[in-house]
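Read in order, the letters of the sequence shown are residues 1 to 242 in my numbering. All residues carry an ideal CB built from backbone N, CA and C; glycine is no exception. This structure is a prediction, so every number in the text was calculated from the model and none was measured.
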Amino acid sequence: MPSALPDGEPAPADGTLPAAALEGFGERPFGIYVHVPYCSVRCGYCDFNTYTARELGPGAGGSDTYAATAAAELDLAAGVLPAARPVDTVFFGGGTPTLLPATDLVGLLTGIRDRFGLAVDAEVTTEANPDSITPAYLEALAEGGVTRVSIGMQSAVPHVLRTLDRTHDPAGVAVAVAAATAAGLQVSVDLIYGTPGESLADWRRSLDAAVALAPDHVSAYALVVEDGTRLAARAGGGAADR
Numbered sequence: 001m002p003s004a005l006p007d008g009e010p011a012p013a014d015g016t017l018p019a020a021a022l023e024g025f026g027e028r029p030f031g032i033y034v035h036v037p038y039c040s041v042r043c044g045y046c047d048f049n050t051y052t053a054r055e056l057g058p059g060a061g062g063s064d065t066y067a068a069t070a071a072a073e074l075d076l077a078a079g080v081l082p083a084a085r086p087v088d089t090v091f092f093g094g095g096t097p098t099l100l101p102a103t104d105l106v107g108l109l110t111g112i113r114d115r116f117g118l119a120v121d122a123e124v125t126t127e128a129n130p131d132s133i134t135p136a137y138l139e140a141l142a143e144g145g146v147t148r149v150s151i152g153m154q155s156a157v158p159h160v161l162r163t164l165d166r167t168h169d170p171a172g173v174a175v176a177v178a179a180a181t182a183a184g185l186q187v188s189v190d191l192i193y194g195t196p197g198e199s200l201a202d203w204r205r206s207l208d209a210a211v212a213l214a215p216d217h218v219s220a221y222a223l224v225v226e227d228g229t230r231l232a233a234r235a236g237g238g239a240a241d242r
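Below is the structure:
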C-alpha cells in the first residue's frame, strides 16, 4: 500500500485562502517547496508521501506526467497569492526528485521564476540519491539554475545501509559529491543515526567519511521507526502495510 495522504486540510475548492494565512505575506521571506513523490525503491524506514512504480500499478502516469501537474499547481498558487518578494529559496524534495529528467526540474524552476520572480541570490536545492545522478545530469541542473544538491548518504557502513534498505554503494557517495562539486553545485550530505544494529564505531565511521568528503553542509537525523513501515515490522514496532 502507498503511504497515507499528508495531514492537514486540503486547499479550498474555490481557491481562496484564509485571511490570517495571507497577513503580512508580502513582507515575509518567500520560499517554495516542490514535492516529487516517487522513488525506485521504498526504504524500510520511510513513511513519507511517496510511491514506487509497483505501488502505483500498471498504466499509472506517475513521474512521466508529474512536471505538468506541478506546473498546474504553480498556476493555482499564483492565482491566489498576493504580491510578494521574489522567491529566495526553492527546495525539490521527495521522494527522489532526481528520478525526473533534469529538464523537468529546470522547467519547474523556470515556471517558479516566471510566476513569482526569483531572487538573484536564491538558493535552489534538490535532494538526490547517490545512484540517481550522473555528471551530465548535475551539469544540466547547474546550467538551469539549481545551486545546491542534498545527497542522501545516510551511512558509510554497508550493514547499516542494508538495514535501512538503501540501494547505493557507499563508494558511490564520493563519486556523486565530486561530480556535484565539479558541476559548480554546493553540496550537503544527509546522515541517519540510531539505526538498529549500528554501533558507536559505525557512527564514527560515517561521520569521518562525511567530513572527508568536504561538503558544504552535513545534516544528521535521528532515526524514528514509524508504525506501518517495514523497519517497524522487523523491529517488532508495528505491522508493515507496504
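Beta bridge counterpart(s) of residue i as assigned by DSSP
| i | result |
| --- | --- |
| Ala-220 | Leu-191 |
| Glu-127 | Ser-150 |
| Gly-175 | It should be noted that the sequence gives Val, not Gly, for residue 175. Answer is none; Val-175 lacks a bridge partner. |
| Thr-89 | Gly-31, Glu-123 |
| Tyr-51 | Tyr-38 |
| Gly-94 | Val-36 |
| Leu-118 | Val-87 |
Selected residue, minimal CA-CA separation from residue i, among the options
| i | options | result |
| --- | --- | --- |
| Phe-91 | Ala-53, Val-124, Tyr-66 | Val-124 |
| Asp-165 | Pro-130, Leu-185, Arg-230 | Arg-230 |
| Tyr-33 | Leu-213, Gly-79, Glu-73 | Glu-73 |
| Val-120 | Tyr-137, Thr-103, Val-146 | Val-146 |
| Val-149 | His-168, Gly-172, Arg-162, Gly-184 | Gly-184 |
| Thr-110 | Thr-96, Glu-127, Val-87, Ala-128 | Val-87 |
| Glu-198 | Leu-161, Ala-171, Ala-179 | Leu-161 |
| Ala-222 | Gly-117, Ser-155, Pro-18, Ala-78 | Ser-155 |
| Thr-103 | Asp-75, Val-175, Thr-65, Thr-167 | Thr-65 |
| Leu-118 | Val-80, Gly-144, Arg-42 | Gly-144 |
| Val-189 | Cys-43, Ser-206, Gly-79 | Ser-206 |
| Phe-48 | Ala-67, Gly-24, Gly-93, Ala-19 | Gly-93 |
| Ala-179 | Val-211, Leu-141, Pro-101, Ala-209 | Leu-141 |
| Ala-53 | Ala-212, Thr-96, Gly-236 | Thr-96 |
| Ala-212 | Leu-200, Tyr-45, Gly-236, Ala-171 | Ala-171 |
| Gly-79 | Ala-201, Glu-127, Arg-115, His-168 | Arg-115 |
| Thr-167 | Pro-18, Cys-43, Pro-29 | Cys-43 |
| Pro-101 | Ala-67, Ala-77, Asp-75 | Ala-67 |
| Ala-201 | His-159, Val-106, Tyr-45, Val-177 | His-159 |
| Leu-105 | Tyr-137, Ala-214, Asp-169 | Tyr-137 |
Residues near residue i by beta carbon distance below 7 Å, same chain, minus five either side
| i | result |
| --- | --- |
| Val-224 | none |
| Glu-139 | Ala-183 |
| Gly-71 | In the sequence under discussion, the amino acid at residue 71 is Ala, which differs from the Gly named in the question. Around Ala-71: Leu-108, Gly-111. |
| Gln-243 | For residue 243 there is no data in the structure shown, the boundaries of the chain being 1 and 242. |
| Thr-181 | Val-187 |
| Pro-196 | Thr-163, Ala-235 |
| Ala-209 | Ala-156 |
| Leu-17 | Val-80 |
Closer than 8 Å: residue i CB and nearest the ligand GTP heavy atom
| i | result |
| --- | --- |
| Leu-200 | The model on display carries no ligand, and the ligand GTP is accordingly not part of it. |
Nonlocal neighbours in the same chain, by C-beta distance under 8 Å from residue i, ignoring five residues either side
| i | result |
| --- | --- |
| Gly-244 | A question about residue 244 goes unanswered here, because the residues of the chain that appear run from 1 up to 242. |
| Leu-99 | Val-36, Tyr-38, Cys-39, Ser-40, Ser-63, Ser-132 |
| Trp-203 | Tyr-193 |
| Leu-22 | Leu-81, Pro-82 |
| Ser-219 | Ser-150, Ser-188, Val-189, Asp-190, Leu-191 |
| Thr-134 | Ala-179 |
Chain-order list of residues whose beta-carbon lies under 6 Å from that of residue i (same chain, five-residue window excluded)
| i | result |
| --- | --- |
| Thr-89 | Gly-31, Glu-123 |
| Val-173 | Pro-130, Met-153 |
| Pro-2 | Its pLDDT being 44, under 50, Pro-2 is placed unreliably in this model, and the coordinates cannot settle the point. |
| Ala-20 | none |
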